[in-house]
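Note that my numbering has the sequence shown beginning at 268, numbered continuously upward.
Note that beta-carbon positions come from the ideal geometry of N, C-alpha and C, so glycine has one too.
Take a look at the structure below.
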Amino acid sequence: ETQELISQFGIEEFGSPLFTPDSGPWRVANGIAAGEESEAEGPVALTVTGMVQNELGWTEAELLAMETMEAEAPNSNGELETYTGVSVNSLLALAEVKNQATTVTFITDTGETLEMSLADLTACENCILSFRTQGGLSTAFPGFDDLPRLRGVVQIVVS
Numbered sequence: 268e269t270q271e272l273i274s275q276f277g278i279e280e281f282g283s284p285l286f287t288p289d290s291g292p293w294r295v296a297n298g299i300a301a302g303e304e305s306e307a308e309g310p311v312a313l314t315v316t317g318m319v320q321n322e323l324g325w326t327e328a329e330l331l332a333m334e335t336m337e338a339e340a341p342n343s344n345g346e347l348e349t350y351t352g353v354s355v356n357s358l359l360a361l362a363e364v365k366n367q368a369t370t371v372t373f374i375t376d377t378g379e380t381l382e383m384s385l386a387d388l389t390a391c392e393n394c395i396l397s398f399r400t401q402g403g404l405s406t407a408f409p410g411f412d413d414l415p416r417l418r419g420v421v422q423i424v425v426s
């Protein structure tokens, strides 16, 4: 029953579940083979869900292996800093955003959110999810200095 609640959480608000049920009994009941998590790969670090053709998830190792780019954005002290990461637009392109989508919400591991219009985000050629030295991802959105910088981004929800 708990796993069923988990599978439905967020559908009403975001059009897609925010969490994936993954208990052993849930996997068996739904005919899903137990996944073998490679130590080199690790757990899923980022998912793209919602109004996309392909809901996707990547481990940190997979994200680090992708083509990267640099972006200059303010750090926590308000000073410009150069960050390296993965293009948000390339991640959205891989997920194939549906035509009706208008909004993108970034969600952190602590539940913080940042909502942007899809049009603003796709117009930003150098908006990235930067790699953090302690692991995980942060937003680095040059030209959007009024937006908070999110640390620990784990999900992108397209709506």
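Secondary structure of residue i, DSSP reduced to three states
i: A390; result: helix
i: E337; result: strand
i: L272; result: helix
Residue span of the beta strand (DSSP E) that contains residue i, given as start and end
i: E315; result: The sequence shown places Val at residue 315, not Glu. Its beta strand (DSSP E) spans residues V311 to G317.
i: L404; result: L404 to A407
Local Cβ density within 10 Å of residue i, reported as buried at 16 or more and exposed below that
i: A407; result: buried
i: A340; result: buried
i: S305; result: For S305, the predicted structure reports a pLDDT of 42, less than 50, and the residue's modelled location is therefore unreliable. The matter cannot be settled from this model.
i: G314; result: It should be pointed out that residue 314 corresponds to Thr in this sequence rather than to Gly. So T314 counts as buried.
Cβ pair residue i, residue j closer than 8 angstroms
i: T369; j: L359; result: no
i: T351; j: G419; result: no
i: E327; j: A312; result: yes
i: T349; j: Q422; result: no
i: K365; j: V319; result: yes
Where the alpha helix (DSSP H) through residue i begins and ends
i: E329; result: E327 to A332
Any chance you could list the alpha helix (DSSP H) runs of at least 4 consecutive residues sitting entirely within the stretch 346-390, in chain order?
Entirely contained in the stretch 346-390, the alpha helix (DSSP H) runs reaching 4 residues are, in chain order, 355-362 and 385-390.
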